[in-house]
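Colleague: Please read through the structure below; I'll follow up with questions.
Residue numbers (the working numbering): 4 to 236.
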């Protein structure tokens with residue numbers, strides 16, 4: 004079999020514009036699944052420095068990104084310390100300016116609102132120049148349109164876009180969505196996954212639906228049973 008891309012390599016191909024970012028991030032609060040890549044012609048390996056903003060691990064929030072995500076150039080993840088205090092009459096961060104202002108105000112990070120972890124599911128495509136705000140949860144299989152500002156949770160297998168981003172459509176009907184969420188193809192061992200790439204790339208969704216039903220229901224469809232392209236009518 005042709006070599007399967009190595010999930011532990013920073014760059015999976017000779018172009019070196021797409022970086023498997025789990026291999027280059029160092030902050031303890033950024034967790035990235037295998038095969039998730041960031042694409043950038045200039046500095047794809049600089050994802051943590053250039054695209055995860057205001058990250059201070061001591062604040063306590065995390066950025067968790069699943070497997071097989073495609074993150075386009077310019078996408079920004081805003082972490083919790085970027086926020087300002089909003090419970091008082093002023094949002095100005097006096098404490099960070101030092102001196103007497105710091106001495107006469109509570110500790111800066113203790114005043115900030117806490118949105119929790121930012122969690123991106125598996126097989127999520129995030130378009131160019133999108134912004135993901137703190138605490139947002141993006142479900143498996145979702146698509147974020149380019150230049151979107153995502154301020155609320157995104158359900159699995161939906162398309163969100165705009166500023167603020169809103170749901171534009173569902174990618175699939177509820178049955179197919181449920182089958183895909185149950186199958187969780189991203190958790191297959193690499194060799195088994197390679198055997199069903201034709202299934203994952205097939206635009207005949209009814210064929211895919213039936214295969215998934217057989218696989219998840221009766222268990223009669225072995226991994227290698229999906230017909231190769233040469234056998235399709």
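Built from N, CA and C at the ideal position, the CB exists for glycine as well.
Everything numeric in this text was worked out from a predicted model, so none of it was measured.
1) Return helix, strand or coil for residue 136, following the three-state DSSP convention.
2) Quick check: the segment 163-175 against the segment 88-107, are at least 3 beta-carbon pairs closer than 8 Å?
3) Quick one: grab the DSSP three-state call for residue 194.
4) Bridge partners of residue 172, per DSSP?
5) Is residue 94 helix, strand or coil by DSSP?
6) Smallest Cα separation from residue 88: which of 110, 63, 39 and 142?
7) Would residue 190 be called buried (16 or more neighbouring beta carbons within 10 Å of its own) or exposed?
8) Quick check: the Cα distance between residue 91 and residue 209, rounded to an integer number of angstroms?
9) Terminal residues of the continuous alpha helix (DSSP H) containing residue 181?
10) Which runs of the beta strand (DSSP E), 3 residues or longer, sit entirely within the segment 59-136?
Modeller: Reading from the atomic positions:
1) The sequence position of residue 136 within the chain shown is 133, counting from 1. Residue state, collapsed to three classes: coil.
2) no
3) As a working mapping, residue 194 is identified with position 191 in the chain shown. Three-state DSSP puts residue 194 in a helix.
4) In the chain shown, the residue the question calls residue 172 occupies position 169. Residue 172 is bridged to 162.
5) The sequence position of residue 94 within the chain shown is 91, counting from 1. Of the three classes helix, strand and coil, the one that applies to residue 94 here is coil, per DSSP.
6) As a first step, residue 88 must be located in the chain shown, where it is residue number 85. The shortest Cα separation from residue 88 among 110, 63, 39 and 142 belongs to 110.
7) Along the chain shown, read from residue 1 onward, the residue named residue 190 stands at position 187. Exposed: under 16 other Cβ atoms inside 10 Å.
8) Counting from one through the chain shown, the residue named residue 91 turns up at place 88. Counting from one through the chain shown, the residue named residue 209 turns up at place 206. Roughly 55 Å separates the two Cα atoms.
9) Counted from its first residue, the chain shown places residue 181 at position 178. Note, residue 181: alpha helix (DSSP H), 177-186.
10) 66-68, 79-81 and 121-123
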